[in-house]
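Okay, structure first, notes after.
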Amino acid sequence: MTTEQLRLDVGSEGLRARALVRAPGGVHSNVRLRGPHPFIRSAKGAWLFGVDGRDYVDYLLGQGPNFLGHAPDAVVQAVSAACEGGLLYGGQHELEVQAAELVCEVAGWPEMVRFSTSGTEAVQAALRVARAATGRTEIVRFQGHYHGWVDNILVGERGGDWGVASDGQVADNLRPCHILPWNDAELLTAQFEQYGSRLAAVIMEPIMINTGVIEPKPGYLETVRELCNRYGVVLIFDEVISGFRVGLGGAAQRYGVTPDLATYGKAFAGGYPVAALVGRSDLMSQLSTGAVNHSGTFNASVMAMAAVTATLTTLRDRPPYASVEEHGLALMAGLRDIAAKHDVQLRVAGLPAAFHMSFGDADVTDYRSLQKLDLARYERLAAALVDNGIWLAGRGIWYVSGAHGPRELDVALTRFDKTLGEWALKVER
1 MTTEQLRLDV GSEGLRARAL VRAPGGVHSN VRLRGPHPFI RSAKGAWLFG VDGRDYVDYL
61 LGQGPNFLGH APDAVVQAVS AACEGGLLYG GQHELEVQAA ELVCEVAGWP EMVRFSTSGT
121 EAVQAALRVA RAATGRTEIV RFQGHYHGWV DNILVGERGG DWGVASDGQV ADNLRPCHIL
181 PWNDAELLTA QFEQYGSRLA AVIMEPIMIN TGVIEPKPGY LETVRELCNR YGVVLIFDEV
241 ISGFRVGLGG AAQRYGVTPD LATYGKAFAG GYPVAALVGR SDLMSQLSTG AVNHSGTFNA
301 SVMAMAAVTA TLTTLRDRPP YASVEEHGLA LMAGLRDIAA KHDVQLRVAG LPAAFHMSFG
361 DADVTDYRSL QKLDLARYER LAAALVDNGI WLAGRGIWYV SGAHGPRELD VALTRFDKTL
421 GEWALKVER
């Protein structure tokens with residue numbers, strides 16, 4: 001989205017001008033460069049309220065973390081109460097024990113937890129643990145999967161070749177990476193047959209939510225699990241997005257395939273900045289001696305642990321999954337119906353808790369096939385939708401929360417209908 005694509009009112013324009021003076025691109029994450037979005041004053045439930053007096057029904061949810069909606073009472077109250085006793089001790093406290101116990105209990109399969117401040121950091125810890133355990137250095141990662149922005153894992157496609165995704169990134173740091181198409185069991189098997197004895201880990205999003213919300217083909221995860229078992233390779237699920245969003249046990253529970261290690265974040269903390277590495281105790285215990293280093297001043301802070309504890313307690317005791325599924329399915333069906341009404345070919349596919357929209361009708365199973373859709377055209381539509389009061393990402397993903405209900409569904413479909421009608425008229429002209 002460009003400045004011209006969005007109507008920014010005076011308040012947002014003024015703040016945008018000030019931001020551009022002190023922040024590169026006016027933002028503090030490159031994901032937000034695709035804006036500029038209107039500036040937000042506050043948020044509650046499934047709604048955002050802009051500085052210009054406009055409201056937005058929110059299907060971005062802070063890029064996924066607000067699975068209970070914005071400012072859920074249980075989380076806000078728990079964090080506020082905990083912070084009365086201080087924010088950061090430089091030592092251990094009871095809340096971090098409770099939070100770790102809850103992660104293992106609610107997710108079902110992990111035996112140990114190490115908290116961190118971001119998913120990027122948790123992934124780095126996972127790779128280090130896997131390499132230490134196996135004595136190997138090479139890893140398999142997949143096209144279109146996102147595991148953080150640091151040099152040794154960030155990849156992108158440039159001129160048809162996969163490698164560094166950013167200027168300033170050191171290509172040699174990606175030398176240990178085998179970058180493969182996802183969802184191709186035959187190709188992966190061949191890679192293992194050739195390089196299996198050199199591989200420390202396979203890391204993947206078990207559901208490719210970051211890029212297209214693509215599910216694994218039937219039997220694919222089972223094949224990956226079997227190959228890792230056969231060659232002594234550590235299987236890492238990056239569940240920073242899918243964890244606790246697609247079910248209490250995440251994608252591991254949904255598909256019945258248990259990894260050796262996993263990373264969590266976003267949905268398990270109600271919007272607070274915290275992530276976790278979880279896994280088998282024999283692997284995780286390598287962090288116990290200090291031989292495998294993972295450190296962080298803000299890891300397991302009081303605020304973060306209170307947020308994790310309150311969020312997971314809510315998800316366990318008052319699970320929102322049925323209402324999320326109901327809303328997501330109704331929303332997806334409604335969006336398809338409106339597109340058909342306006343004779344616009346829109347593809348709406350994925351899961352009720354997170355789905356993807358774009359122009360086209362390609363059969364999408366991986367990054368390459370996703371590129372057959374008209375992603376650039378959808379980004380322009382998303383700008384128009386934001387302008388008409390639906391808060392979205394330009395890359396096509398829609399997130400659903402436990403705070404979305406009948407009112408939000410009606411508003412979203414009404415605003416979508418209006419926007420698509422205007423869009424169709426422009427196309428006809």
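Counting from 1, one number per residue, gives the positions in the sequence shown under UniProt numbering. Positions of the beta carbon are idealized from the N, C-alpha and C atoms, including for glycine.
Where are the beta strand (DSSP E) runs, 3 residues long or more, that stay fully inside the segment 181-257, in chain order? 199-204, 234-239
Name the residue from A339, E239, V411, L315 whose alpha carbon lies nearest to the alpha carbon of G119. E239
Under DSSP, the beta strand (DSSP E) around I397 begins and ends at which residues? 397-399
Note down, in chain order, each residue of its chain lying with its Cβ closer than 7 angstroms to the Cβ of L174, except the 5 sequence neighbours on either side. N152, V155, G163, V164
Just tell me which of M357, Y272, R158, A353 has its CA closest to the CA of I207. A353
Per-residue DSSP class, three states only, for G45: strand
Which two residues bound the contiguous beta strand (DSSP E) that contains E138? 138-142
Whose CA, out of H147, L87, G243, V308, lies closest to the CA of S301? L87
Indicate whether A78 and A403 have their beta-carbon atoms separated by less than 7 angstroms. no
Simplified DSSP assignment, three categories, for D366: coil
Which one or two residues does DSSP pair with I338 in a beta bridge? Partner(s): none; I338 has no beta bridge.
Is residue 431 helix, strand or coil by DSSP? Outside the shown range of the chain, which is 1 to 429, sits residue 431, and nothing can be said about it.
From D417 to S116, what does the alpha carbon distance come to, in whole angstroms? 42 angstroms
3 or more residues per run - each beta strand (DSSP E) lying fully within the segment 41-123: 47-50, 55-58, 112-116
Just to confirm the assignment: which complete alpha helix (DSSP H) runs, minimum length 4, are found wholly within the segment 275-339? 281-284, 302-317
The alpha helix (DSSP H) that contains L346, what's its start and end? First-last for L346: 346-351, but that is the beta strand (DSSP E), not the alpha helix (DSSP H).
Report back the beta-carbon spacing between L199 and R136 to the nearest angstrom; my notes put them in contact at under 8 angstroms. 6 angstroms
In whole angstroms, what separates the C-alpha of G12 from that of T419? The question names Gly, but residue 12 in the sequence shown is Ser. Cα to Cα, S12 sits roughly 22 angstroms from T419.
Locate the beta strand (DSSP E) running through D387, then write down its first and last residues. Unbroken run through D387 is the alpha helix (DSSP H), 375-387; no beta strand (DSSP E).
With 16 as the cutoff for other CB atoms within 10 Å, does T211 come out buried or exposed? buried
Name the two residues that bound the continuous beta strand (DSSP E) containing residue 434. In the structure as shown, the chain begins at 1 and stops at 429. Residue 434 is therefore absent and cannot be evaluated.
Would you identify the three-state DSSP class for S358, choosing helix, strand or coil? strand
Counterpart residues of T263 in DSSP-defined beta bridges: D238, L277
For G26, does the three-state DSSP call read helix, strand or coil? helix
Assign G11 to one of three DSSP states: helix, strand, or coil. helix
Per DSSP, which residues does D410 bridge with? Please list them. BP columns for D410 are empty, so no partner.
Which one of L375, R377, E408, D361 has the shortest CA to CA distance from W391? E408
Could you have a look at D172 and say whether DSSP puts it in helix, strand or coil? helix
Counterpart residues of G163 in DSSP-defined beta bridges: G156
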